[in-house]
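Take a look at the structure set out below.
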Amino acid sequence: MGFAKAFGVMVYRQLKRFVKARGRLIMTFVQPLIWIFFFGVGMGSVFSFSNPVAESFIKQMFGGLDYMTYLTTGVVGMTVFLGSFISGITVLWDKQFGFLKETLVAPAPRSAVILGRAFGDTLVVLLQATIIALVAKAVAPSINLLGLPGALLYGFILGMGLTSAGIVISLRMTTPESFQVVMNFVMMPLMFLSGVFYPLDRLPEWAKAIATANPLTYAVDGVRYWLTGVSMHDPLTDLAVLIGISAVFIALAVYEFSKATIE
Amino acid sequence: MSDVVIVEELVKRYGDVEAVRGISFGIRKGEVFGLLGPNGAGKTTTIHVIATLLRPTAGSVLVAGHDVVKEAAEVRKRIGIVFQDPSLDWALTAWENMYIHGLLYGLSGEGLNSRIREVLEFVELWEHANRLVRYFSGGMRRRLEVARALLHSPELLILDEPTIGLDPHTRARIWDYIREVRKREGMTILLTTHYMDEAEELCDRIAIMDHGKIIAEGTADELKSLVGSDVIIARFDRPACFQSGPVKECRELPDGRVEFVVENAAKALPQLFEMAREAGLRIIEVSYRRPTLNEVFLHLTGRELRDAPAEGPRPFAMMGRRR
Ligand SMILES: Nc1ncnc2c1ncn2[C@@H]1O[C@H](COP(=O)(O)OP(=O)(O)OP(=O)(O)O)[C@@H](O)[C@H]1O
Ligand SMILES: [Mg+2]
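Chains G and Y supply the protein sequences, listed in that same order. Under my numbering, the first sequence has 240 at position 240, and the numbering climbs by one with no breaks. Counting the second sequence from 1 gives a position; my numbering is that position plus 263.
Encoded structure:
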C-alpha cells in the first residue's frame, strides 16, 4: 500500500530541497565546468600538436578521440559519481537536524523511503550530467548527443549505487570527519583510476586492479561509448558490471536503513 | 478496557550505561500520563523504546496491543510523537513538512490538504504555512511539531519535554493545545517533563522517574499524600532532628537542612520554634510549603527535582544499527 506514496514523497522532498538549496545547485554545475576548463585547456594544449604524426599517435592513445572529447565525456560520468555520493552523504545532515527520526518513526516501508530518496537524488544528478553533456558538446563538437539517453541510463545506475553507498556510510558514520577521510582516501583515488582523465591500459598493475573494481570505470566507459562510439569494453559488459555493483550498494542501503535505530 | 501502553520490566542499556532499569507501568485510554524526572532519568530512552526507535535490552512494551519490536509497523501507525530535539526539515516550508508527513503516514489528496489546514489552524500557524521552517522561532517550530504529530490522528500522542526552552507565554499555549486535543479527540497522551508544574497541570497520572527507575506513581494528590500534609524545612546552627509533638516525620537533607513533615504547618511552626529553643538550637532559616511534587521528589530521593544535577554532555548522538 504505502510503498508508492512513501517512495514518491521522498522523491518530492529531495527535488524540493535541491531547488531550494541555491548554493548546492550552483556548486554542482560549476565544479565539473572547472574540471573541463582547466584540465581541458591545460592537457588539451599538451596533447595538441601541429605535427600530424604526433597528433595521430595521441589520438590512438585516447582510442581515436581528441583529448577534449575524451575528457568531457569522462567528466559526465564523474559528475554523477561525485554528485550522487555527496547526495547520499546528506543523510548525515538529516541525522543532525533530526529529520531522520521523522522518517524512522513513520509507518511507511523503510525500503520505500530510502529508495525514493536515492531515486530523487539520482534524478537531480542526471539533470546536472545532462547540462555537462551540453557544455561538453560546445567544446568538443564531435560528441553525439543522440546517444545521451543511453549515457544517462549508465548514469542512472551509477547514481542509484553511489547514493546508496553514501547513505550506508552516513548511517554508519560516527563523526562528520569520517566524511573527509572517505572523500580523500576513497573517492579521489577512484576518480583518478577510472579513465576519466587518462586511459587505464598503461597504468601499473595495482592501479589497474583498483580500476577494475571501480564502478566509475564502467560508467565512464559506457557513457563514452554512447556519446562517441569509442569504448574500452563491450558496453553491455559495462552495463552488467555496473548493475552488479550498484545492486550490492542499494541492497546494503535498504538493509542498513531498515535496521537503523537511534542508539 | 485494556491499557493503551503496557510497559513491563523494561531495561535499556547503552554499552555500560543502564539508562532504564526495569520499569513497569500502564497508560489508560484517554488519560494524560506523565513521566516526571530530572535530566538523565531515562525518560527519553523510555519514550524512544515505546516509539520503536530503540530496541529494549529486556522487558516488553505493547502499544494498543502490539509489540514494539515484533510489530513495529503497527505501533508506528498508531503514534504521533514530538521529539525532545528538533526533527523538522528546515529547508522546507511548514506546509511541505506537513505534506511529507501525511504521505509517509498513508494520507493523500483532498483529505490530507484539509487536515493540514485544520491542524495548522489549530496551532495558529496557518498564515505561516508557506514560510521556510528555517525562519521560524523556537516556539513556532515546537507548535509545528505538535501539529505534525496530530496530523494523522494518532491513538497515542507522545510529547517529550514539549515546553523545554520555551517562554512562559508559549508554554501556556502548548498546554492549552494539549488540554484541547484531549478534550476534542479523546486522545491518550504520554508526556515527559522535568517541570513539576507541567506534570501537575496536565497529567491525570504521574510516574516519577529517577536514575532509570520509577520511584512513585499515582495522581498528583496521591503522590503528595506520600509526603503528608505540610512540609517545614529548617536550617539550624547544627543539624538536628526531633520527632515529637506535631512532627510526624523528620530527616536531615544532604544540604544540611532538616525536613519536618507535619499535619498543619501554621499550627506546628510555633511549637517547632519552642522545641528548638528548648534543645538550644539557633534557627538560621525556616520555610514551609504545602507539598508540591518537588517535596515528593525530595522526600523520595533526598534531592530537589529542580536542581538535580545535570548529566555530563551527551556523546554526539548518532544513529546506529540494531544488533
Ligand atoms: N545514545 C546514547 N548513548 C549512550 N548513553 C545515552 C544515550 N542516550 C542517553 N544516554 C544516557 O542514558 C541516560 C538517560 O538518558 P535520557 O535521555 O533517557 O534521559 P532523560 O530523562 O530524557 O533526560 P533529559 O531530561 O536530559 O532529556 C543518561 O545517563 C544518558 O547520558
Ligand atoms: Mg529527555
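Beta carbons are placed, not taken as given, at the ideal position from N, Cα and C, and that holds for glycine. Here the structure is a predicted model, which means the values were calculated and not measured.
Under 8 Å between C-beta atoms of residue i and residue j
i                   : j                : result
valine 113/G        : threonine 122/G  : no
isoleucine 313/Y    : valine 331/Y     : yes
serine 371/Y        : lysine 101/G     : no
glycine 475/Y       : valine 283/Y     : yes
arginine 291/Y      : valine 267/Y     : yes
phenylalanine 249/G : glutamine 128/G  : no
proline 391/Y       : alanine 357/Y    : Residue 391/Y is actually histidine in this sequence, not proline. Taking 8 Å as the Cβ cut-off, histidine 391/Y and alanine 357/Y qualify as a contacting pair.
isoleucine 344/Y    : alanine 412/Y    : yes
glycine 222/G       : leucine 239/G    : yes
alanine 531/Y       : isoleucine 495/Y : yes
isoleucine 477/Y    : isoleucine 469/Y : no
proline 109/G       : glycine 8/G      : no
isoleucine 157/G    : isoleucine 86/G  : no
threonine 73/G      : alanine 138/G    : no
glycine 120/G       : valine 11/G      : yes
leucine 388/Y       : alanine 354/Y    : no
Distance cut-off 7 Å: residue i Cβ against heavy atoms of ligand 1
i                : result
threonine 307/Y  : yes
glutamate 424/Y  : yes
glutamate 294/Y  : no
asparagine 376/Y : no
valine 280/Y     : yes
glutamate 263/G  : yes
alanine 106/G    : no
asparagine 360/Y : no
glycine 508/Y    : no
tyrosine 277/Y   : yes
alanine 321/Y    : no
asparagine 557/Y : no
glycine 519/Y    : no
alanine 133/G    : no
glycine 428/Y    : no
alanine 503/Y    : no
alanine 304/Y    : yes
glycine 285/Y    : no
glycine 98/G     : no
glycine 300/Y    : yes
Cβ-heavy atom distance, residue i to ligand 2, below 7 Å
i               : result
threonine 456/Y : no
leucine 14/G    : Correcting the residue type first, residue 14/G is glutamine in the shown sequence and not leucine. It does not: the Cβ of glutamine 14/G is nowhere closer than 7 Å to a heavy atom of ligand 2.
glutamine 347/Y : yes
Strand pairing of residue i, partner residues [DSSP]
i                   : result
histidine 329/Y     : Val326/Y
leucine 422/Y       : Val345/Y and Leu454/Y
serine 550/Y        : Ile496/Y
lysine 476/Y        : Asp473/Y
phenylalanine 296/Y : Leu453/Y and Arg468/Y
valine 270/Y        : Phe288/Y and Val324/Y
tyrosine 277/Y      : Val280/Y
leucine 395/Y       : Thr356/Y
leucine 481/Y       : The sequence shown places glycine at residue 481/Y, rather than the leucine named in the question. Paired residue(s): Ile469/Y.
valine 521/Y        : Ala497/Y and Glu515/Y
valine 510/Y        : Val525/Y
Closer than 7 Å: residue i CB and nearest ligand 4 heavy atom
i                : result
asparagine 184/G : Inclusion of ligand 4 in the displayed structure is not the case, the ligand content consisting of ligand 1 and ligand 2 alone.
Name, going along the chain, the residues of the region 548 to 563 of chain Y whose beta-carbon falls closer than 8 Å to a beta-carbon of chain G. none
Using Cβ-Cβ distances below 9 Å, what residues of the region 4 to 32 of chain G are close to chain Y? Lys5, Ala6, Gly8, Val9, Met10, Tyr12, Arg13, Lys16, Arg17, Lys20 and Ala21
Could you run through the region 340 to 353 of chain Y and flag, in chain order, every residue whose CB is less than 8 Å away from some CB of chain G? Lys340, Ile342, Ile344, Phe346, Asp348, Pro349, Ser350, Leu351, Asp352 and Trp353
Where the region 306 to 333 of chain Y meets chain G: residues whose CB sits under 8 Å from a CB there: His311, Ala314, Thr315, Leu316, Leu317 and Arg318
To be precise: take each residue of the region 355 to 387 of chain Y, compare its Cβ to all Cβ atoms of chain G, and keep it if any distance is under 8 Å. Which residues remain? Leu355, Glu359, Tyr362, Ile363, His364, Leu366, Leu367, Tyr368, Gly369 and Ser371
Closer than 7 Å between beta carbons: that is the criterion. Which residues of the region 73 to 97 of chain G meet it against chain Y? Lys95 and Phe97
Short of 9 Å Cβ to Cβ, which residues in the region 99 to 111 of chain G face chain Y? Phe99, Leu100, Lys101, Glu102, Thr103, Leu104, Val105, Ala106, Pro107, Ala108 and Pro109
Interfacial residues, the region 278 to 298 of chain Y to chain G, with Cβ spacing under 9 Å: none
Interface positions of the region 158 to 169 of chain G facing chain Y (Cβ-Cβ less than 7 Å), listed along the chain: none
Select from the region 432 to 465 of chain Y all residues with a C-beta closer than 9 Å to any C-beta belonging to chain G, and list them in chain order. none
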